[in-house]
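Okay, so the sequence shown: first residue is 1 according to this note's numbering, each after it adds one. Heads up, the beta-carbon is just placed ideally off N, CA and C, and yes, glycines get one too. For clarity, every value in this text was computed on a predicted model and none was experimentally measured. Working notes for the structure below.
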Amino acid sequence: MNRLKVLLASSEVAPFAKTGGLADVAGSLPLAFEKLGVDVRVIMPKYICVKIKGDETVIGGGIKVYFVVNDAYFNRKELYGDKFGDYHDNLERFAFFSKEVLARCKEEDFSPDIIHCNDWQSALVPVYLNTLYKYDRFFSKTRVLFTIHNMAYQGVFSKEEFPKIGLDRALFNINYFEFYDKVNLMKAALVYSDAISTVSPTYAKEILSEEFGCGLEGALKTREDVLYGILNGIDYNLWNPEKDSKIFKRYSLANIDDKYVNKEALQRQAGFKIDREIPLVGIISRLADQKGLDLLVKIIDDLLNLKLQFILLGTGENKYHLLLEKVAKAHQKNASINLKFDATLAQKIYASSDIFLIPSRYEPCGLGQMISFKYGTIPVARQTGGLKDSVSEFDPKTGTGNGFTFEEYRAERFFSEIKNALSVYKNRDVWMELVKKVMALDFSWEASAKEYVKLYTKIIQQ
Ligand code: ADP
1 MNRLKVLLAS
11 SEVAPFAKTG
21 GLADVAGSLP
31 LAFEKLGVDV
41 RVIMPKYICV
51 KIKGDETVIG
61 GGIKVYFVVN
71 DAYFNRKELY
81 GDKFGDYHDN
91 LERFAFFSKE
101 VLARCKEEDF
111 SPDIIHCNDW
121 QSALVPVYLN
131 TLYKYDRFFS
141 KTRVLFTIHN
151 MAYQGVFSKE
161 EFPKIGLDRA
171 LFNINYFEFY
181 DKVNLMKAAL
191 VYSDAISTVS
201 PTYAKEILSE
211 EFGCGLEGAL
221 KTREDVLYGI
231 LNGIDYNLWN
241 PEKDSKIFKR
251 YSLANIDDKY
261 VNKEALQRQA
271 GFKIDREIPL
281 VGIISRLADQ
291 KGLDLLVKII
301 DDLLNLKLQF
311 ILLGTGENKY
321 HLLLEKVAKA
331 HQKNASINLK
341 FDATLAQKIY
351 ASSDIFLIPS
361 RYEPCGLGQM
371 ISFKYGTIPV
381 ARQTGGLKDS
391 VSEFDPKTGT
401 GNGFTFEEYR
411 AERFFSEIKN
421 ALSVYKNRDV
431 WMELVKKVMA
441 LDFSWEASAK
451 EYVKLYTKII
461 QQ
């Protein structure tokens, strides 16, 4: 077979532009594809934050990244909106981007086997491909995989905006774009893509239900035969206590004791009592209902009355800022509340904590648990989405499992699992075996990239 040709279309790609996990996926996957011999290229809008001259650059060993340039649309500070809300012309902006994805393929004389689109911002690519370019031989072999990173963001606009998409008005109907009298870009992508995937096997099943489907469960069900779930990975060049220059002292499985040098240093920085024995519990999260913050605030006083130290890093909804500021005042001795975005502190927390909390209400994939593992920090995670696919209940008797889990979305269950973790923590030998075990787990991109290549091949052969 000829070399597989893939174009990854994404509205954000690390390190050029990032607001969330999508950027990490779009930045890391191509590097892993390259190692597998795929001819992969990437395309994204050129925002102000993209500090590259011209309209293309190269990453990895020679992966082309194409930038879609349009100053009126993309030469802005933020990607999707500012403090006043979403940009009013987002539909136009990303309809333009999606059209340019296909136009650029022709300009570059690159006819991909697969265009891999991501989220609503590139949802119109499969639509244009199967309408405007339907009879264009240049794309006769091109297939589309559409990946959903979070069902909650679908690209919904008022129906008056439909003409801006530039397609036949008849497509504004219930089988294509129409969604409760509005335009829904993701819905159309579900119809026009050759296959659909999301970022974990469990989330792929969950989104077929009313609880997780955010109104598109019906549309997804009609495509269930081509719906897949592939777990994201993390980049071990970035997330690795052996290489991490931001932590207090580097460590690895061979000198695990140095993890506790980090712990003492963070205890000092946080103004806590310096004592390796006291369990240090961390959480790094957007402060949002999705992340289970409501469970945390319900138990936080009880939690902080236990013999432990607690460090939180996060920003988000104002109600949580206010609640957590109170917590900080009430528990000065053993709570460090950091209401900001701080990548360096995040790395220190991953390295220094014993236990990491992830009580998400829903979680398409989740990175915190994978990062924690690599740093020998044990997650207490709710069993949902990607958390269910990566964290399993530890059994001290048999040594199976890699963390502490709860299923029911209830504060009591969350609290009892934390207490369960704390009781295992007391048994030093068992705990250290668990720490060593999770540090050796492999959640790298290589495995995910292979799964994607398998899926691309399947789509092409369909
Ligand atoms: P989501 O993308 O839904 O927020 P993920 O678990 O996929 O959740 O990714 C979140 C990433 O952002 C993690 O790497 C986490 O460490 C990081 N992060 C979240 N909040 C902060 C913060 N306040 N400061 C630094 N890093 C943060």
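Burial state of residue i, where buried means 16 or more other Cβ atoms lie within 10 Å
i: S245; result: exposed
i: P112; result: buried
i: Q462; result: exposed
i: N334; result: buried
i: Q267; result: buried
i: S360; result: buried
i: Q332; result: exposed
i: R428; result: exposed
i: E107; result: exposed
i: I371; result: buried
i: E433; result: exposed
Member of the options whose CA lies at the smallest distance from the CA of residue i
i: A152; options: M186, K159, K454; result: M186
i: F406; options: I43, K182, V391, E264; result: V391
i: V183; options: A204, S197, L308, L216; result: L216
i: A72; options: D89, D82, R3, G401; result: D89
i: A195; options: F138, G60, I148; result: I148
i: L303; options: L79, F172, G282, K319; result: G282
i: S193; options: M432, S448, T131, L441; result: T131
i: E12; options: C117, N173, P163; result: C117
i: R41; options: G27, T398, G229, G54; result: G27
Residue i: first and last residue of the uninterrupted alpha helix (DSSP H) it sits in
i: L129; result: 124-129
i: V438; result: 428-439
i: P163; result: Note, P163: premise wrong, no alpha helix (DSSP H); not H, not E.
Endpoints, beta strand (DSSP E) assigned at residue i
i: S448; result: First-last for S448: 445-461, but that is the alpha helix (DSSP H), not the beta strand (DSSP E).
i: L145; result: 143-148
i: F157; result: 156-158
i: A463; result: Because the chain here runs from 1 to 462, residue 463 falls outside it and cannot be looked at.
i: Y228; result: 227-229
i: K182; result: 182-184
i: N240; result: Per DSSP, N240 belongs to no beta strand (DSSP E) and is neither H nor E.
Inter-residue spacing [alpha-carbon to alpha-carbon] between residue i and residue j
i: E412; j: N420; result: 12 Å
i: H321; j: V25; result: 29 Å
i: D39; j: F67; result: 18 Å
i: K342; j: S336; result: Contrary to the premise, residue 342 reads as Asp rather than Lys in this sequence. Near 14 Å, if we compare the C-alpha coordinates of S336 and D342.
i: A330; j: K340; result: 20 Å
i: P45; j: F94; result: 9 Å
i: Q369; j: S158; result: 38 Å
i: V125; j: K77; result: 25 Å
i: V156; j: G62; result: 36 Å
i: G314; j: L171; result: 42 Å
i: I311; j: Y251; result: 21 Å
Chain C contact for residue i (CB, 9 Å cutoff)
i: D225; result: Absent from the structure: chain C. Only one protein chain is present.
### Secondary structure, beta strand (DSSP E): runs of 3+ residues fully inside the stretch 302-345
Counting only runs of 3 or more, we get 309-313, 335-338.
### Message
Extract the residue ranges of the alpha helix (DSSP H) inside the stretch 3-89, only unbroken runs of 4 or more that lie entirely within it.
### Response
With a minimum length of 4 residues, the continuous alpha helix (DSSP H) runs that stay inside the stretch 3-89 are 21-35, 71-74.
#### Entry: Contiguous beta strand (DSSP E) assignments of at least 3 residues, all confined to the stretch 336-422
For the stretch 336-422, whole beta strand (DSSP E) runs of length 3 or above, ordered along the chain, are 355-358, 378-382, 404-406.
### Message
Give the list of continuous alpha helix (DSSP H) stretches no shorter than 4 residues that lie fully inside the stretch 250-312.
### Response
Restricted to the stretch 250-312, the alpha helix (DSSP H) segments that are unbroken, complete and at least 4 residues in length are 257-270, 293-304, listed in chain order.
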